[in-house]
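*Asks:*
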Amino acid sequence: MVFMMRNSTVFILFAIIIFSGSSLLKAQNSHEAKIKRILYFNPQVEPDIEEIKEPTNTAFFSAVSNNLSERKNKMLKTETQISFDSIDKKTISDYCLNNDADFAVIPKVKYFKVGIGKYVFSNQVVVSMKLFDAEGNLITETDYDTYRKNMRLLGSTVNSVKIGTNGAIKDILKELRKIKPSAENGF
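When you line the sequence shown up against our numbering, it's residues 2 to 188, in that order.
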């Protein structure tokens, strides 16, 4: 009789542990399901000068990672650059499928050219972004002009790229809030 009670107690404890573990896994999976994976491509840089691409990419992705660390989204980065003006739906959906991404962002950073000469730039930029779903459908697009929005005349170009990137992300989120009641985008 004592032997049966010990076996049933062990069995009950084992069952409680199994059910607790499975409920914890379900809670973890539902939390992970809320996290959206966003694939970011390298920004198209205008003018197309090789010397400014790497610092622009570094500043852009620094701003994106800082911005997304405040949200429940995961940044995926690809070293690929896609032309901002001619985007193929199939290419976007393939990249999203291969990277297990929920959304894709195609960015563009345009520097203002001022003065005389080929390589004279201001520290002002326009950061443009297009947001696509995993099927390659355009959800929204925006651009953020650091001069018009902030009236920033002084400061580094790196900071302008970061400010423009943060502004463009905030503008996309505003547009998504307008769209969200009709379609559950969940960005």
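Positions of the beta carbon are idealized from the N, C-alpha and C atoms, including for glycine.
#1: Rank I88, K109, K78, I107 by C-alpha distance to the C-alpha of D101 and give the top, closest one.
#2: Suppose you measure from the CA of T92 to the CA of G137; what does that come to, to the nearest Å?
#3: Quickly, what does DSSP pair Q82 with across the bridge? List them, please.
#4: Can you tell me whether Q29 is buried or exposed, with buried defined as 16 or more other CB within 10 angstroms of its CB?
#5: Give the straight-line distance between the Cα atoms of K131 and F104, rounded to the nearest whole angstrom.
#6: Quick one: which unbroken alpha helix (DSSP H) runs of 4-plus residues sit fully inside the segment 132-177? Chain order, please.
#7: Is DSSP giving K179 helix, strand or coil here?
#8: With DSSP run on the structure shown, which of helix, strand or coil describes I88?
#9: Using three-state DSSP, classify P56 as helix, strand or coil.
#10: Between the Cα of R149 and the Cα atoms of K163, T141, E142, V126, which residue gives the shortest distance?
#11: Are there 16 or more other CB atoms within 10 angstroms of the CB of P44, so buried, or fewer, so exposed?
#12: Does A102 come out as helix, strand or coil in the three-state DSSP assignment?
#13: If we ignore side chains and look at the alpha-carbon of each, how far apart do G165 and T59 end up?
#14: Would you identify the three-state DSSP class for I93, choosing helix, strand or coil?
#15: When the Cα atoms are used, what is the spatial distance from K40 to L139?
#16: For Y124 versus T81, is the C-beta distance shorter than 8 Å?
#17: When the Cα atoms are used, what is the spatial distance from V162 to I170?
*Replies:* According to the data block:
#1: If you number the sequence shown from 1, residue 101 lands on position 100. For D101, the nearest C-alpha among the options comes from K78.
#2: In the sequence shown, counting from the first residue as 1, residue 92 sits at position 91. In the sequence shown, counting from the first residue as 1, residue 137 sits at position 136. Whole-angstrom Cα-Cα distance: 8 Å.
#3: Along the sequence shown, one-based indexing puts residue 82 at 81. DSSP lists N43 as the beta-bridge partner residues of Q82.
#4: For the purposes of this step, residue 29 is taken as the residue at position 28 of the sequence shown. Caution applies to Q29, whose pLDDT of 44 falls short of 50 and renders its modelled position unreliable; the model cannot decide the point.
#5: To locate residue 131, count along the sequence shown from 1; it is residue 130. To locate residue 104, count along the sequence shown from 1; it is residue 103. Rounded to the nearest angstrom, the two C-alpha atoms are 10 Å apart.
#6: 147-151
#7: What you label residue 179 is simply residue 178 of the sequence shown in a count that begins at 1. It is helical.
#8: Counting from one through the sequence shown, the residue named residue 88 turns up at place 87. Here I88 sits in coil by DSSP.
#9: Residue mapping note: residue 56 aligns to position 55 of the sequence shown, counting from 1. Three-state result, P56: helix.
#10: Along the sequence shown, read from residue 1 onward, the residue named residue 149 stands at position 148. For R149, the nearest C-alpha among the options comes from V126.
#11: Your numbering for residue 44 matches position 43 in the sequence shown. P44 is buried by the Cβ-count criterion.
#12: Locating residue 102 in the sequence shown gives position 101, where the first residue counts as 1. DSSP places A102 outside both helix and strand once states are collapsed to three, so it counts as coil.
#13: In the sequence shown, residue 165 corresponds to position 164, counting from 1. In the sequence shown, residue 59 corresponds to position 58, counting from 1. Cα-Cα distance, rounded: 14 Å.
#14: Working through the sequence shown from its first residue, we reach residue 93 at position 92. Here I93 sits in helix by DSSP.
#15: Locating residue 40 in the sequence shown gives position 39, counting from the first residue. Locating residue 139 in the sequence shown gives position 138, counting from the first residue. The residue you asked about is not Lys; residue 40 is Leu in the sequence shown. Rounded to whole angstroms, the gap between the alpha carbons of L40 and L139 is 14 Å.
#16: Numbered from its first residue, the sequence shown carries residue 124 at position 123. Numbered from its first residue, the sequence shown carries residue 81 at position 80. The residue asked about is misnamed: residue 124 is Asn in this sequence, not Tyr. No, they are not a contact pair.
#17: On the sequence shown, position 161 is the one that residue 162 refers to. On the sequence shown, position 169 is the one that residue 170 refers to. Between V162 and I170, the C-alpha separation is close to 12 Å.
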